Amino acid sequence: MNASALPDETLVDVLEARARRTPFDRLVIDLVGGLLVGAVAIWARPLGWFPLAAASACFAFYGAWALAERHLRDNHPHAAWRSLARVAGWLGLAAFVLLLFALLGVALGPIKS
33 MNASALPDET
43 LVDVLEARAR
53 RTPFDRLVID
63 LVGGLLVGAV
73 AIWARPLGWF
83 PLAAASACFA
93 FYGAWALAER
103 HLRDNHPHAA
113 WRSLARVAGW
123 LGLAAFVLLL
133 FALLGVALGP
143 IKS
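Sequential numbering of the sequence shown, starting at 33, is according to the working numbering.
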């Protein structure tokens, strides 16, 4: 558990604080690395490719969201950055839910009736 998180902080507050502390280069690596790993996972389809693609989407969308939030915070309140932050945030949340269901599917295995 993060000792610096207050009990009334939301997940968005914690992620925003983490994005502020993370170096710019690391956010770019999250974005580009997530896109590359996801593309390779979808193209090659190794064993467990679906959870891997979902996890890489989480990284890519977090990187895009954090970069957009950083631009908004640095006095660049352009509508495109705001839109990118919202879209990346929602898609990142959807990718996380997809990852949870994919891992659940792997854990349960094939179900035959």
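Ideal placement from N, C-alpha and C gives every residue a C-beta, glycine not left out.
Please read these numbers as outputs of a predicted model, since none were measured by experiment.
Nonlocal neighbours in the same chain, by C-beta distance under 8 Å from Leu123, ignoring five residues either side: So the list reads Ala89, Phe93, once near-sequence residues are dropped.
Whole angstroms is fine: what's the gap from Gly95's alpha carbon to Ala127's? 13 Å
Would you call Ala71 buried or exposed, if buried means 16 or more other Cβ atoms sit within 10 Å of its Cβ? exposed
Should Ala139 be labelled buried (16 or more other beta-carbon atoms within 10 Å of its own) or exposed? exposed
Find out if the Cβ-Cβ distance for the pair Ala87, Leu131 is shorter than 8 Å. Yes, the pair counts as a contact, with Cβ atoms nearer than the cut-off.
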